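Worksheet: the structure to be examined is printed underneath.
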Amino acid sequence: MNQPIPNSIRRITGGMALAEMLKLTGCGPMFGMGGFQLLPFYEACRVLGLKHYLINDERCGAFAADAWAKVTNRPAVADGTLGPGATNLVTGIVESLNAGIPMIAITGDANREHAWKNMTQEARQIDVLRPVVKEVIRVEVIKRIPEHVRRAFAVATSGRPGPVLLDVPEDIAHSEFDFDAADFWIDPETLKAQARRTRPDASSVERAAALIAKAERPLILAGGGIHISEAWAELEQFAVAFGIPVAHTMSGKGAVACSHSHSAGLFGRYDRIANALIGASDCLIVVGCKLGEIATKRFALIPPGKPVIHVEIEPTEIGRTTRTDVALAGDAKLTLLDLAAALGNGKAAAAARAGYLAELPKRMAEWRTGARDRLESTESPINVGRLMNELNKAMPADAILVADGGFAGHWGGLMFDTKAAGRHFLPDRGFASIGYGVPGGIGAQLAAGPKRRVVTMCGDGGFNMSLGELETARRLGTSFVGIVFNNAASGYVKALQHAVYGPGSYQSSDLVEMDYALIAKGFGCHGIRVSDPEKLAGAIQEGLENTSTPTILDVVVTRDPAKMLPAADNRAALTVKKGDRPV
-17 MNQPIPNSIR RITGGMALAE MLKLTGCGPM FGMGGFQLLP FYEACRVLGL KHYLINDERC
43 GAFAADAWAK VTNRPAVADG TLGPGATNLV TGIVESLNAG IPMIAITGDA NREHAWKNMT
103 QEARQIDVLR PVVKEVIRVE VIKRIPEHVR RAFAVATSGR PGPVLLDVPE DIAHSEFDFD
163 AADFWIDPET LKAQARRTRP DASSVERAAA LIAKAERPLI LAGGGIHISE AWAELEQFAV
223 AFGIPVAHTM SGKGAVACSH SHSAGLFGRY DRIANALIGA SDCLIVVGCK LGEIATKRFA
283 LIPPGKPVIH VEIEPTEIGR TTRTDVALAG DAKLTLLDLA AALGNGKAAA AARAGYLAEL
343 PKRMAEWRTG ARDRLESTES PINVGRLMNE LNKAMPADAI LVADGGFAGH WGGLMFDTKA
403 AGRHFLPDRG FASIGYGVPG GIGAQLAAGP KRRVVTMCGD GGFNMSLGEL ETARRLGTSF
463 VGIVFNNAAS GYVKALQHAV YGPGSYQSSD LVEMDYALIA KGFGCHGIRV SDPEKLAGAI
523 QEGLENTSTP TILDVVVTRD PAKMLPAADN RAALTVKKGD RPV
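So in the working numbering, the last spot in the sequence shown is 565, and the numbers never skip.
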């Protein structure tokens, strides 16, 4: 525990007490838009020199906080004032809740003396926010602010991490109280996920080890929990020691480097070779993955009777979507260490599976041959596969790619290759909302620092939703490269309409084509419009070299709905079964 601050009794406002506790946590950036209720808190941030940044939309503030936390595994802070400020946070908070990302959300609330007397902007905001956070902490007694902040961080970073709401009434924030300095302390073990690590039952570990030991074609399915646990080294050591390939979800990309000899790439709705490996496997080891709709192709990917070992920090997720033979409820890092210890020396197992592992590069080469028409396309408008290929060539090993919801995430999930283990790919797959790209770039760049490069991808529809945050990005000096897939459409929806109803059957999915490079220049950012695939490499490099302002690459991509999504199942010949969601 860190030491209390040196004074004994001090009379300060509730807003100052809140800010002083946050300073003790060493918290990262805070994103918000002020109002009267939290005015003393904002003043305290100024006095204490905390990094609080004005955002133009509270939803984007929550997105930026989520991206910062995804990079650091530390809680960021997003705040909103009474009513619309609080309710605007919802979409961004749900992303963190579903993805298991720690966040502290602070909302100002009505003065309790006048609450429910038609106060301006008043709403049942706690009722709105309660379902989208791990815990609601309403500050009813000013003295308890230090205790409540400690609780918020402990809940946000332990178990399956997630957002916690601190709801602060106006009179609490504005009132003064004689605080005892001894109350101002923080538990440092709660400042980063994964806090309070847990191990699974030893007998369950032994049963799982027995299944793995007898398997000839085991396969690891890694999700985003690997990143939350920071279990990259343990996963690689386990996979190599026992000769087991690793496939990943979109959120789990980077569990091992995509270039690693044991990487089987993405599995689920889109894949390279992993889905076939799942079908042929005799033991699936699921680590830090919820096995949701995308990862399981709407719960149809894993054949009945397939032996499944599920490692998951949240016990109630085990067996929720897929029958499980051995449940290992615990932290991914510690559980992998326990499994390795139970299996013992892996030399014989790795040697026996050498032929199995040798299939991976051959299968991956075959996939690349099949994808060459996209990866090396010279067509204009530009095929997104060509754009992804150029990004793979240009991005440094420590760079971060942020992917908006919709098809930007799917293209990145399938086509982007991480060059090192770690969370170098940030898709907002918790809620898959569009509009994440620009604020996600802000949060990721602040977390990564000025020397690491951050690239964001989003469609023109998603960019339209948050382009006002270019002002924020410029003001904060976050010099990320933002790539806009300009297809003058809500591309994911148009591709679905094409697949389900046939060519020409499009409703409310077209946009007016905009020159986003010109718009970016209007914000004081660098803008480059690219319509020739041969100029992609130069434009990407120009963006990566510009570290003085954000750069927007306005890339004119295919208008053909049959080519808007990355895999073969979105071609015009796609057969759609009633009730199915094909892409």
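Positions of the beta carbon are idealized from the N, C-alpha and C atoms, including for glycine. None of these values were measured; they are calculated from a predicted model.
Check: Through-space distance from residue 388 to residue 547, alpha-carbon basis; Outcome: 10 Å
Check: Alpha-carbon to alpha-carbon, residue 449 and residue 499; Outcome: 12 Å
Check: Where residue 418 sits in the DSSP three-state scheme; Outcome: coil
Check: Euclidean distance between Cα positions of residue 21 and residue 392; Outcome: 41 Å
Check: Element boundaries [alpha helix (DSSP H), containing residue 222]; Outcome: 214 to 224
Check: Any alpha helix (DSSP H) of 4 or more consecutive residues that is wholly inside the region 2 to 45; Outcome: 21 to 30
Check: 6 Å CB neighbourhood of residue 357 in its chain, flanking five on each side removed; Outcome: 367, 371
Check: Buried or exposed by the 16-neighbour rule on C-beta atoms within 10 Å, applied to residue 435; Outcome: buried
Check: Inter-stretch contact at 8 Å, needing at least 3 Cβ pairs: the region 63 to 76 / the region 167 to 175; Outcome: no
Check: Residue 296 versus residue 516: straight-line alpha-carbon distance, rounded; Outcome: 47 Å
Check: Bridge partner(s) assigned by DSSP for residue 140; Outcome: 177
Check: Inter-residue Cα distance where the pair is residue 438 and residue 398; Outcome: 12 Å
Check: Between the CA atoms of residue 455 and residue 421 - distance to the nearest angstrom; Outcome: 8 Å
Check: Environment of residue 480 [buried if 16+ CB atoms lie within 10 Å]; Outcome: buried
Check: Neighbourhood of residue 42 by C-beta, 6 Å cutoff - its chain only, sequence neighbours within 5 removed; Outcome: 421, 448, 451
Check: When 364, 411, 360, 375 are compared against residue 384, the one with the closest alpha-carbon; Outcome: 411
Check: Residue 508 - partner residues in DSSP beta bridges; Outcome: 533
Check: CA-to-CA distance, residue 221 to residue 141, given in whole angstroms; Outcome: 25 Å
Check: Buried versus exposed call for residue 612 [16 or more other C-beta atoms within 10 Å across all chains shown]; Outcome: Shown here, the chain extends from -17 to 565; a query on residue 612 therefore has no answer.
Check: CB of residue 182 within 8 Å of CB of residue 265, strictly; Outcome: no
Check: Residue 239 vs residue 403 beta-carbon contact at 8 Å; Outcome: yes
Check: Alpha helix (DSSP H) segment containing residue 389, residue limits; Outcome: 389 to 397
Check: Residue 53 in three-state terms, based on DSSP; Outcome: helix
Check: In DSSP terms, what residue 245 is bridged to; Outcome: 228
Check: Under the three-state DSSP convention, the category residue -3 falls into; Outcome: helix
Check: Neighbourhood of residue 342 by C-beta, 8 Å cutoff - its chain only, sequence neighbours within 5 removed; Outcome: 227, 243, 244, 245, 246, 255
Check: Bridge partner(s) assigned by DSSP for residue 308; Outcome: 291
Check: Span of the alpha helix (DSSP H), counted from its first residue to its last, around residue 370; Outcome: 366 to 376
Check: CA-to-CA distance, residue 72 to residue 122, given in whole angstroms; Outcome: 23 Å
Check: Whole-angstrom distance between residue 310 and residue 194, CA atom to CA atom; Outcome: 14 Å
Check: Which residues DSSP lists as bridging residue 265, in chain order; Outcome: 200
Check: The beta strand (DSSP E) enclosing residue 120, as first and last residue numbers; Outcome: 117 to 120
Check: Bridge partner(s) assigned by DSSP for residue 166; Outcome: According to DSSP, which records beta bridges pairwise, residue 166 is partnered with nothing at all.
Check: Boundaries of the alpha helix (DSSP H) in which residue 210 is found, first to last residue; Outcome: 207 to 211
Check: Per-residue DSSP class, three states only, for residue 69; Outcome: helix
Check: Unbroken alpha helix (DSSP H) run spanning residue 172, endpoints; Outcome: First-last for residue 172: undefined, no H or E at that position.
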